[in-house]
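Number of protein chains: 4
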Amino acid sequence: MGSTYGKIFKIATFGESHGAGIGVIIEGCPAGIAFDSDFIQSELTRRKPGQSRITTQRKEADEFEVLSGVFEGKTTGTPIALIIRNEDQRSKDYSHIAAQYRPSHADYTYQVKYGVRDYRGGGRSSARETAARVAAGALAKLLLMEMGVSIQAYVSQVGRLKLAKTYAELDLTETENNAVRCPDPVMAEQMFEYIDSVRKQGDSVGGVVSCVIKGAPAGWGEPVFDKLHAELGKAMLSINAVKGFEYGSGFEGVSLLGSQHNDAFYIDDNQNIHTRTNHSGGIQGGISNGEDIYFNVAFKPVATIMQDQESIDQNGDIAVVQGKGRHDPCVVPRAVPIVEGMAALVLADFYLRNKSSRI
Amino acid sequence: MGSTYGKIFKIATFGESHGAGIGVIIEGCPAGIAFDSDFIQSELTRRKPGQSRITTQRKEADEFEVLSGVFEGKTTGTPIALIIRNEDQRSKDYSHIAAQYRPSHADYTYQVKYGVRDYRGGGRSSARETAARVAAGALAKLLLMEMGVSIQAYVSQVGRLKLAKTYAELDLTETENNAVRCPDPVMAEQMFEYIDSVRKQGDSVGGVVSCVIKGAPAGWGEPVFDKLHAELGKAMLSINAVKGFEYGSGFEGVSLLGSQHNDAFYIDDNQNIHTRTNHSGGIQGGISNGEDIYFNVAFKPVATIMQDQESIDQNGDIAVVQGKGRHDPCVVPRAVPIVEGMAALVLADFYLRNKSSRI
Amino acid sequence: MGSTYGKIFKIATFGESHGAGIGVIIEGCPAGIAFDSDFIQSELTRRKPGQSRITTQRKEADEFEVLSGVFEGKTTGTPIALIIRNEDQRSKDYSHIAAQYRPSHADYTYQVKYGVRDYRGGGRSSARETAARVAAGALAKLLLMEMGVSIQAYVSQVGRLKLAKTYAELDLTETENNAVRCPDPVMAEQMFEYIDSVRKQGDSVGGVVSCVIKGAPAGWGEPVFDKLHAELGKAMLSINAVKGFEYGSGFEGVSLLGSQHNDAFYIDDNQNIHTRTNHSGGIQGGISNGEDIYFNVAFKPVATIMQDQESIDQNGDIAVVQGKGRHDPCVVPRAVPIVEGMAALVLADFYLRNKSSRI
Amino acid sequence: MGSTYGKIFKIATFGESHGAGIGVIIEGCPAGIAFDSDFIQSELTRRKPGQSRITTQRKEADEFEVLSGVFEGKTTGTPIALIIRNEDQRSKDYSHIAAQYRPSHADYTYQVKYGVRDYRGGGRSSARETAARVAAGALAKLLLMEMGVSIQAYVSQVGRLKLAKTYAELDLTETENNAVRCPDPVMAEQMFEYIDSVRKQGDSVGGVVSCVIKGAPAGWGEPVFDKLHAELGKAMLSINAVKGFEYGSGFEGVSLLGSQHNDAFYIDDNQNIHTRTNHSGGIQGGISNGEDIYFNVAFKPVATIMQDQESIDQNGDIAVVQGKGRHDPCVVPRAVPIVEGMAALVLADFYLRNKSSRI
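These protein sequences, in sequence, are chains A, B, C and D. The first sequence begins at 1 in the numbering used here and counts up one residue at a time. The second sequence begins at 360 in the numbering used here and counts up one residue at a time. The third sequence begins at 719 in the numbering used here and counts up one residue at a time. The fourth sequence begins at 1078 in the numbering used here and counts up one residue at a time.
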């Protein structure tokens, strides 16, 4: 249980890091959407390993195959199955950790829960699973584009290097122009150097991905448990290594007074309703209000480091976990398309759910 | 859609702020739990309005009635319906805002979504709905107590007044000894005075509720979307006025290196597996690891303030929203049992879900 | 688990035969439907006990109260809670069977499953629960009426007394004119006399309810598991005492050849597509095709009879179950509105689900 | 929506008749089950086309590949993805019906619902999808075998040729010894000849599959909507060509009196509780009572026949649907493993759901 997401636009992912492959079934995608394979592949390419020297050197083309649900270039309303074969598996890399519990990995908890685990590269707990999310999220993006909705994420913090500017003050078209995916070129350069220095130490560091959604109409989100921000939060927190989520004014907002925080309504020259400020982050009462939706996602330093660490093994004996294998010294550059993809899945689902709100 | 929570231990809440009443159906509660009405009532009393001069003066006894699912003092395995009648409705208080969109409330978004709304006191979007959650959460707590799990929340920040100590450094038994529900008596006093001064200004202020869960065994939580912290996050973000959620090292943790952040495993004298640090917040790979689970929840300043605010009405005309009615100048003291209740619902559900993880 | 039905138009029922009351929460009902209380009450009245001497003599007004989700006469899109208090409980009638397992009742299976049970009148397993379904079904009917869909059920068989005519050959407006709810007055009279004779013997007898749905457009139903007839089947089989379901040509159809059974398409003078025959029962590939939907539901003789029966009790001792209490000698007359209500719930759900089939 | 089945042991199928392939993701399968590939393949072989001259001559090896969820021969608790490539697609066979609505097929209803359809061999509406169910059902069987539960289906009727004996009077080990899968060799021979004569006429005929489940303990099934027989009914009705479902005494039982129909309880020499008769079909109040569970499933004559039929096309023009292609003159022989597989999926799910019925 737990490998499905969504109520109407619903995905079920499968696959382990070093099994035959990974993939996703997308159910509930409306019929008639132009299935743009190139776009989906390009999203996967944004996430794939080996993009620069600050990402893992695992080699995966991450090419996907469509098994169903698409006919003559359009979605048919039936389940769409996408699979991605694992190529560079190097399972032998992991034999030395078969019985070990790597610190801050899921080895121990999977073992306790299931009594058995695929120890190769973290098995199901590997972030490799997120490729399936990105593929499905790309399809959700195609649906949202038809609604005029765009989603843009970027790296806003690495370690203590933090962008001072808000999304509105940045040129987000710069995001994809550097390996860090930070839209401020100067900061991007600093972040790159910092990550690279951490990498050389055989260490890892955390970061923050920020995301802004433009063009979502008012009315998306379902009270009271499935609030738009609650589902965004769950979706983001379900991504590997995420430790926190905040939207709109977030944790900073707690220090404000209500008179400062409230977003006054007004009508613009086109008779459209807007708010003068947007501490609400585009969401009021769990439902989008037509303003930009924005949020931050905190990622911890990844647990795999190239240093020896003391731990224990399945027998309860003391063990030294050796720093071997390939890893990302900082996940946030590759997390950008994952954050976008999950956001797209949340919104596509709420778009469809909202169709039933009125007779 | 959206008024249910949980997969096995599942609740469905109903009710509006000024309708006949509110309530909850709890489905999937195992048979045989001693139904302790006094405990459930005492949890509702912790949340009810009118507790002190820093909470809303609305008068509600918040007494609940059991309609089903309990027989001879025990749960029977069938749905448990609990209802709470609304008493102090004063609907006339709200006639002046029938057509207005109050800033940072859900008036506008509900109107757009549904084309109709119960404008009295926010209707369904009112935090009054959380009483139903607290009642259901109390039952979940009774179930968890039988498993040796305890949940304790407390106020750790009001405005800029923030506890420097971690939960481990505090005496949480002090929490219920003051109106703010802050376990540090000195800070509690300062917070009380600050909230009271904000109240006198007719304003409101935000805060943070922290929560710690002790005694949860390893193995709860479901990869990959229904990670324990992802569900905790969703549950917390679904509470009115919440803007952020972080667990374990949270947003602070992004600045650490992996070598600092990783929690080393060891075996204690009783042959139990533990970690030397707990940046993971008791959760690894989305599954509890047996350590304390802890997290923070950010609440914005409530939108209702006793000041006039400019806005618009349903006709698109400019309107002045008057500062009338009753409200909480700061919600966090009353949010403490809500956070606990929602955490209990999440854990009870995962306890039951985990029963199927092995044959 | 198991007390909810529906994916979008979703109901959760609660309550026991002799508890405080029963009820239902309806979630996902679109906003803006005129909430016709009189109609809902009239549907409950069709199901209520004590309608004639061939139904149980339990006295229940079965008046319902609305707790939420309706404002100024319209549904608001939020959960609608309806409760019905139990009045004529006579719990003492049941003390003699507290430890007994009544033959073909659910006493034994509930005891094994839950380890505890409310033995009064069958508790949760009582058909009294169906009143909640009828109330919710009445609201679903109101929604369907706005779509031009009508649902009519009637008794087509009691014991071996079976109508030879199909629904198309009957005048269904006669259905409510007799206590049996058989649209053929002559057969109705015979059925009444037969049921009454069975009643006098202290026995019970089974029957069949047939149902026809007119006006449903093509396109409702979801492949491949949630076929329209599969959900209708589940919904009907979930009604107390039901043993079988068939639609269209049903069990008889297995003897036909494909060349006889296939329904040829044609276009009528209004350029509408129809089929010349309707062995398909208005459903092809699990999706409505615009023709009449019709099906039969088989009800066993109810288990409660006024005769002594040998059985055992919870201790494993032999026991004589005495023929006491009140019961229906034949459930089908009162089952007619239940069948209609459940059919309405199925269709309302598929109407809403179908909104997402295309972009 | 609609391509998933189950609450805990949950499957999602995908794939079209003439697409790249079909498959299934099984989620919620407990960890630690020995994954017997040979058994799963043997179940698929029982369903595959081309078994004898009375089944379709389409050639498909129906070999499956495991993509995930199995490690070192055991299930790991994570999603298990199985895929089956389509081989003998002959899509050109279908170009002549691209625009036609074949009588009693799903061409028209899919077109209306989705506005687009994969017309090749019925696309998603093809019974080819059931291979995925059989594969998943085989895994459910492996789980149930560990619980001592066996499931046996057989053909009990073809056209008007109907077995007079009940399952208890038959030697079910004979079932797999003939092409019809009827356990009575004499009747099997008659059925075979009859189907073959129908085939030679280019026609088709219906039939009934009966099924018996032995060894299921008391307690499986969830009141009130998810009764064991309601889910069995839905599962069976979701199989292509099914028109009816009955369990226990079924439609025949309606003619009985309660005094005849009730199943008296007794205790056997081993102190086990049983019923003297089993009109209840092993289910009381929607929950298994430990007796044999048995039911019948009615299949219509398949819609594809080798005769010309008048119909219309997508333009509303009159069209002659020609009798081409490959088809089963009678589906029930190949439906036997499908019925068993779906029954296994229902039971496996209830086994897991029942784990939460008590604390």
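Idealized CB from N, CA, C, for every residue including glycine. Since the model is a prediction, treat every value here as computed from it, not as a measurement.
{"Check": "G1092(D) Cβ short of 7 Å to the ligand ADP heavy atom set", "Outcome": "By its list of ligands, the structure shown contains no ligand whatsoever, and the ligand ADP lies outside what it can speak to."}
{"Check": "Whole-angstrom C-beta distance between Y837(C) and Y812(C), which should lie under 8 Å", "Outcome": "6 Å"}
{"Check": "Backbone secondary structure at L616(B) - three-state DSSP", "Outcome": "strand"}
{"Check": "Contact the segment 671-689 of chain B vs the segment 408-420 of chain B: 3+ CB pairs below 8 Å", "Outcome": "yes"}
{"Check": "Proximity of A856(C) and F757(C) at Cβ, strictly below 8 Å", "Outcome": "yes"}
{"Check": "Contact with chain B by A832(C), beta-carbon distance below 8 Å", "Outcome": "In the sequence as displayed, the identity of residue 832(C) is Tyr instead of Ala. Judged by the 8 Å Cβ criterion, Y832(C) is in contact with chain B."}
{"Check": "G432(B) and P389(B) closer than 8 Å at C-beta", "Outcome": "no"}
{"Check": "Counted within 10 angstroms of its Cβ, other Cβ atoms place R47(A) as buried (16 or more) or exposed", "Outcome": "buried"}
{"Check": "E386(B) versus T722(C) - alpha carbon distance", "Outcome": "9 Å"}
{"Check": "Chain B contact for H105(A) (CB, 8 Å cutoff)", "Outcome": "yes"}
{"Check": "Proximal residues of chain D, C-beta to C-beta of P389(B) below 8 Å", "Outcome": "S1433, S1434, R1435 and I1436"}
{"Check": "Where the beta strand (DSSP E) through Y1324(D) begins and ends", "Outcome": "V1319 to Y1324"}
{"Check": "CB contact check: F1302(D) to chain A, cutoff 8 Å", "Outcome": "no"}
{"Check": "Where A657(B) falls: helix, strand or coil (DSSP)", "Outcome": "strand"}
{"Check": "The segment 1087-1105 of chain D contacting the segment 1200-1207 of chain D, beta-carbon criterion three pairs below 8 Å", "Outcome": "yes"}
{"Check": "8 Å contact criterion, which N804(C) and I751(C) should meet: CB distance rounded", "Outcome": "The pair is not a contact, with the Cβ atoms about 28 Å apart (cut-off 8 Å)."}
{"Check": "N- and C-terminal bounds of the beta strand (DSSP E) containing Y984(C)", "Outcome": "F983 to I985"}
{"Check": "For V475(B): DSSP bridge partner residues", "Outcome": "V475(B) pairs with nothing; no bridge assigned."}
{"Check": "Whole-angstrom distance between G939(C) and V205(A), CA atom to CA atom", "Outcome": "50 Å"}
{"Check": "Rounded separation between K952(C) and G724(C) - CA only", "Outcome": "11 Å"}
{"Check": "Residue burial classification, K10(A) (beta-carbon count within 10 angstroms, cutoff 16)", "Outcome": "buried"}
{"Check": "Cβ of M191(A) within 8 Å of any chain B Cβ", "Outcome": "no"}
{"Check": "Listed by chain order, chain D residues near G617(B) by CB distance under 8 Å", "Outcome": "The premise fails here: G617(B) is roughly 25 Å from chain D at the closest Cβ pair, so nothing lies under 8 Å."}
{"Check": "Through-space distance from F1269(D) to R1258(D), alpha-carbon basis", "Outcome": "10 Å"}
{"Check": "Cβ shell of F423(B) (< 6 Å), same chain only, five flanking positions each side left out", "Outcome": "L441, I443 and A494"}
{"Check": "Start and end residues, beta strand (DSSP E) containing S1227(D)", "Outcome": "S1227 to V1235"}
{"Check": "Under the three-state DSSP convention, the category F423(B) falls into", "Outcome": "strand"}
{"Check": "Enclosing alpha helix (DSSP H) for H1306(D) [first to last residue]", "Outcome": "L1305 to L1314"}
{"Check": "Check whether T109(A) and A702(B) have beta carbons under 8 Å apart", "Outcome": "no"}
{"Check": "Reduced DSSP category for I1370(D) - H, G, I as helix; E, B as strand; rest coil", "Outcome": "strand"}
{"Check": "Distance between A1256(D) and P1126(D) (C-alpha atoms, nearest Å)", "Outcome": "12 Å"}
{"Check": "Proximity below 8 Å, CB of D1369(D) to CB of K1291(D)", "Outcome": "yes"}
{"Check": "Rounded straight-line distance, which links the Cα of Y114(A) to that of N713(B)", "Outcome": "9 Å"}
{"Check": "Presumed contact (8 Å Cβ cut-off) between R290(A) and I626(B), rounded CB distance", "Outcome": "The sequence given here places Gly at residue 290(A); Arg does not occur at that position. 56 Å between Cβ atoms; not a contact."}
{"Check": "Rounded Cβ spacing between V302(A) and V331(A) (contact assumed at less than 8 Å)", "Outcome": "5 Å"}
{"Check": "Short-range partners of chain C found in the segment 131-155 of chain A, where Cβ spacing is below 8 Å", "Outcome": "L143 and E146"}
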